[in-house]
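Numbering (the working numbering), first residue to last: 90 to 243.
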């Protein structure tokens with residue numbers, strides 16, 4: 090495949106994840122009414138993660154944190170990882186396939202030379218820390234139970 094063809098595939102990945110998340114939310118909300126609270130939490134969780142992903146991008150553009158270390162903040166990684174986490178929250182039974190798709194996307198970004206391994210790792214660590222903190226503060230203290238990761242039964 091040519092660089093341009095692979096570029097089209099890479100460009101389609103994040104929108105595909107978002108569409109998948111929306112379809113899952115719609116399916117569960119309309120067919121599994123008893124799990125609507127979990128769906129609502131997943132939507133709030135993903136929205137907060139996406140705000141954090143783009144917030145870090147704006148912060149990095151404003152103060153140049155990643156360039157200080159010779160790195161580049163990977164918005165592609167941040168947003169796709171946020172969507173991956175959102176999908177895992179909804180459908181744990183497919184977690185292996187979801188994660189494998191993300192690994193394939195990361196390998197494609199490296200092959201296409203969009204970002205370096207260091208860019209991807211540092212961005213991922215930031216998003217994972219934020220995801221942990223969001224889960225901890227948004228849901229754990231509220232009802233003293235962990236956010237039901239993957240609790241929605243397919």
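Glycine included, each C-beta is placed from N, C-alpha and C at the ideal position.
None of these values were measured; they are calculated from a predicted model.
Would you call residue i buried or exposed, if buried means 16 or more other Cβ atoms sit within 10 Å of its Cβ?
i           : result
residue 168 : buried
residue 106 : buried
residue 153 : exposed
residue 186 : exposed
Could you spell out the range, first to last residue, of the alpha helix (DSSP H) harbouring residue i?
i           : result
residue 105 : 92-120
residue 125 : 125-152
residue 227 : Unbroken run through residue 227: none, as it is neither H nor E.
residue 204 : Segment: none, residue 204 is in no alpha helix (DSSP H) and carries neither H nor E.
residue 175 : 164-179
residue 191 : 184-200
Is the Cβ-Cβ distance between residue i and residue j less than 7 Å?
i           : j           : result
residue 118 : residue 178 : no
residue 175 : residue 226 : no
residue 209 : residue 166 : yes
Closest to residue i by CA distance: which of the options is it?
i           : options          : result
residue 160 : 175, 188 and 212 : 212
residue 193 : 146, 92 and 99   : 99
residue 136 : 125, 171 and 124 : 171
residue 162 : 205, 93 and 102  : 205
- Message: Count Cβ pairs between the region 211-222 and the region 132-144 that sit closer than 8 Å; are there 3 or more?
- Response: yes
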